[in-house]
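Read the structure below first, then the notes.
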């Protein structure tokens, strides 16, 4: 895990351990992070795509719809369909709604 993520986890743990909830918890986390890393240029690590894709496949296998999976994981429906191996049918110009597969 990167040093940045370790710092973030640490600051969140402190705010949670203080018993804060809701907006107070969010404000405390943001304030602590600003004090700790404010003013620095940071490189936020990308999501581990293997873990994300595995979670998307599990959600699909459990019967969850592609739109719901996409919303849950912050990706497009097309990305979900690519990950789970479904072909995405794109409507062509001139096709009516009743003709789209």
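In my numbering, the protein residues as written are 268 to 368.
Built from N, CA and C at the ideal position, the CB exists for glycine as well.
* Go to residue 327, then tell me how far its alpha helix (DSSP H) extends in each direction, as first and last residue. => It spans 316-328 - the alpha helix (DSSP H) in which residue 327 sits, taken as one unbroken run.
* To do: Decide if residue 347 is buried, meaning its Cβ has at least 16 other Cβ atoms within 10 Å, or exposed.
  => Residue 347 should be labelled buried.
* Any 3 or more C-beta pairs closer than 8 angstroms across the segment 290-304 and the segment 317-324 -> Because the criterion of three Cβ pairs below 8 angstroms is not met, the segment 290-304 and the segment 317-324 do not touch.
* Asked: Is residue 353 helix, strand or coil by DSSP?
  -> Note: residue 353 maps to coil in three-state DSSP.
* **Inter-residue Cα distance where the pair is residue 350 and residue 309** => If I take the Cα positions, the gap works out to 30 angstroms.
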